[in-house]
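K.L.:
Structure below; questions to follow.
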Amino acid sequence: MKPLTFFLVSFLLVLSLFSHPDHTDQIPHWQKATGWPDRIITTFSDDPATTISVTWRTDSSVGRTIAEIALATADARFDIQGQVYRAKTEHVDLEHMVTEDGERHSLYNIGIGPVHYHSIVFEDLEPDTLYAFRVQGARGKWSEWFQVQTAAKNGPVQFVYFGDSQNGVRPNWSRVIRMANQKVPTANFFLHAGDLVAKADSDYNWAEWFDAGGFIHVQTPVIPVPGNHENMRVWTDGPDGPTVRSRTTMWEPQFTLPVEEDLPKTLHENAYDIRYNEDLHVFVVDSARFEFEDQAKWLDKGLSETDAKWTVVTMHHPFFTPKAWDTRDIDDVRRKAIAPIVSKHEVDLVLTGHIHTYGRSSAHVDTEQTSRLAEGEAYDVKTVYVISASGAKSTLLSNEEQLAAVAGDRKPDMKEIALERIGLNTPMFQVIKIDGDILKYEARDATGTLYDEFTIVQDETGNKQLTNGAAAFGDTRLFSNTGKYREWWDMR
Ligand SMILES: [Fe+2]
């Protein structure tokens, strides 16, 4: 073959590969929807003591389907007692997504047909009881039986909190969630503080997230928090026109979550609260959207009314970063609206992500307080703010920024807050245990090693004292003293 002909044939061959209209042969088996149920996940949409909410996916050939629940007993055939429930089914067109801001064609899902998401809320359950359930796809195509414990009305609670998983979710993040499961197999729930995936319109990205967690997402209920990557910026009138935040159409079908009637419709299933039990109340704020006044009002009311001993606010964006104050408009609006409510109610923990570093700060009662003190010394504290990332994307800080963060420089406009511990180049997960008057916090890296720890003791009037554990005083992990880092583009 002449060189020119060879070049032309090769060129046409390569072109035909890229322009082939059918991409379905590129879809991995762990992404493809079939008649079998997959992407099964347990969430809270009502009282965790008496309900279990489950969502799953099939291809669009599966219309009406069912789920079954039974008391999990030691009997070999516990399943004979299974009770059948009819599921709700939602049709989702992955290529032509219809959002609150109109229709948009997804470039991520070419060649992927519509799918069906099914959901069920098992109701009238007994608190603190182990149940087994299974879900069906097409007739006779059942999942395995999963066992989930309903919440006890009171007593100890333990949960795991993850910052952004976001990039390299299947190849790299899987080890983090699996290590969390190995360390805390009996956690009551796993909380994901936003940016679960990088491209929330991409079915492939969600396939990664579900495959990485596998059955962990089912047997340990999930509290998902929307981040900026779940609320994409879209242009309403060409690339120079105004932009709006448009939530991915995959969020609501995938997760069965509470609807707060007091909030605008755009926030339904995105901002919500979970009263886990007598002691713990979790409030999820959607920090990636603009309705901060509505959310501030709702949060203020919820925090005023709750009588839970411990309150947690979780939102994707922090009020500040170890690097510098975030001064972009949306962040300023968010901070002005939400931060005063958190301070007013002295929320115990604020769990966030977005920055792709680890940072733990405290709002001290004594604003001249030297942060951290010595190991074992207690100090009065109002709120602990945490930023964390569980994925392999890590923000590079300059040397000066790292030193300023290590020095714990206080920012002039939030003087009472001191940075206590940072960690760079280190995906992390946090284990939080509440037992009566005591809250115990641990941050662990992907190998399960403890990196940060503290305990808060609350007295009967609500005053809190924080004591740092030994791990809080370990060497600070920086880019300068840890292994080589490379941006996440090559993680597959
Ligand atoms: Fe983010």
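Under the working numbering, the letters of the sequence shown match residues 25 to 516, in that order.
Glycine is no exception: its CB is placed at the ideal position from the N, C-alpha and C atoms.
#1: Quick one: what's got a C-beta closer than 6 Å to threonine 280's C-beta in the same chain, skipping five residues either side?
#2: Measuring from the CB of glycine 377, is there a heavy atom of ligand 1 at a distance below 7 Å?
#3: Is glycine 161 near ligand 1, judged by its Cβ being under 7 Å from some heavy atom?
#4: Look at aspartate 152 and threonine 174 and say whether their C-beta atoms are less than 8 Å apart.
#5: Between which two residues does the alpha helix (DSSP H) containing isoleucine 240 stretch?
#6: Look up glutamate 477 in the DSSP assignment and say whether it is helix, strand or coil.
#7: Tell me which same chain residues have a C-beta within less than 6 Å of the C-beta of histidine 292, skipping the five on either side of it?
#8: Alpha carbon to alpha carbon, how far is serine 270 from lysine 112?
#9: If you follow the beta strand (DSSP E) that aspartate 324 is in, where does it begin and where does it stop?
#10: Among the candidates Lys165, Thr450, Ile93, whose CA atom is the shortest distance from the CA of glycine 59?
#11: Need the endpoints of the alpha helix (DSSP H) that serine 198 sits in, please.
#12: For the alpha helix (DSSP H) containing tyrosine 228, name the first residue and the last one.
#13: Note the first and the last residue of the continuous alpha helix (DSSP H) segment covering glutamate 248.
#14: At which residues does the alpha helix (DSSP H) containing tryptophan 275 begin and terminate?
#15: Please classify isoleucine 462: is it buried, with 16 or more other beta-carbons within 10 angstroms of its beta-carbon, or exposed?
#16: Taking alanine 211 and valine 184 to be in contact with their CB atoms under 8 Å, please state how far apart those CB atoms are, rounded to whole angstroms.
#17: Run the proximity test for glycine 415: is its beta-carbon closer than 7 Å to any non-hydrogen atom belonging to ligand 1?
#18: Compute the Euclidean distance between the alpha carbons of proline 45 and leucine 118, then round it to the nearest angstrom.
#19: Just the C-alpha distance for arginine 510 and glutamate 329, rounded to the nearest angstrom, thanks.
#20: Straight-line CA distance for tyrosine 409 to serine 385?
#21: Along the chain, where does the beta strand (DSSP E) that runs through isoleucine 65 open and close?
#22: Look up threonine 468 in the DSSP assignment and give the residues it is bridged to.
#23: Report buried or exposed for glutamate 477, applying the criterion of at least 16 other Cβ atoms within 10 angstroms of its Cβ.
#24: Under three-state DSSP, which class holds lysine 360?
#25: Using the rule of at least 16 other Cβ atoms within 10 Å of the residue's Cβ for burial, across every protein chain shown, is valine 357 buried or exposed?
#26: Flag this pair as yes or no: are the beta carbons of glutamine 190 and alanine 222 separated by less than 8 Å?
#27: Give the DSSP-derived three-state secondary structure of valine 337 in the structure shown.
#28: Decide if lysine 488 is buried, meaning its Cβ has at least 16 other Cβ atoms within 10 Å, or exposed.
#29: Reducing DSSP to helix, strand and coil, say where aspartate 46 ends up.
#30: Could you have a look at histidine 216 and say whether DSSP puts it in helix, strand or coil?
#31: I believe glutamate 444 touches arginine 396 by the beta-carbon criterion, under 8 Å. Please report the beta-carbon distance rounded to the nearest angstrom.
#32: Is methionine 172 near histidine 216, with beta carbons less than 8 Å apart?
#33: At a threshold of 7 Å, does histidine 216 count as lining ligand 1 (C-beta to nearest heavy atom)?
#34: Answer with buried or exposed for lysine 553, where buried requires no fewer than 16 other C-beta atoms within 10 angstroms of its C-beta.
#35: Classify arginine 81 as helix, strand or coil using the three-state DSSP reduction.
#36: Secondary structure at lysine 112, three-state DSSP: helix, strand or coil?
P.N.:
In terms of the structure at hand:
#1: Thr67, Ser69, Ser77, Thr79, Ser143
#2: yes
#3: no
#4: yes
#5: 240 to 243
#6: strand
#7: Val283
#8: 25 Å
#9: Here aspartate 324 belongs to no beta strand (DSSP E); instead the alpha helix (DSSP H) covers 316 to 329.
#10: Lys165
#11: 198 to 207
#12: 227 to 237
#13: Note that residue 248 is proline in the sequence shown here, rather than glutamate. That residue, proline 248, is in no alpha helix (DSSP H); its beta strand (DSSP E) goes 246 to 248.
#14: 275 to 278
#15: exposed
#16: 5 Å
#17: no
#18: Legend: pLDDT at proline 45 = 41, less than 50; position of this residue unreliable, value from coordinates given subsequently. Proline 45 and leucine 118: Cα-Cα distance of roughly 16 Å.
#19: 47 Å
#20: 5 Å
#21: 62 to 67
#22: The amino acid occupying residue 468 in the given sequence is arginine; threonine does not appear at that position. Phe453, Leu474.
#23: buried
#24: helix
#25: exposed
#26: yes
#27: strand
#28: buried
#29: Because the pLDDT at aspartate 46 is just 44, under 50, the model does not fix this residue reliably, and the point stays unresolved.
#30: strand
#31: 5 Å
#32: Position check: residue 172 holds valine in this sequence, whereas methionine was assumed. No, they are not a contact pair.
#33: no
#34: Outside the displayed span of the chain (25 to 516) sits residue 553, for which this structure offers no information.
#35: strand
#36: strand
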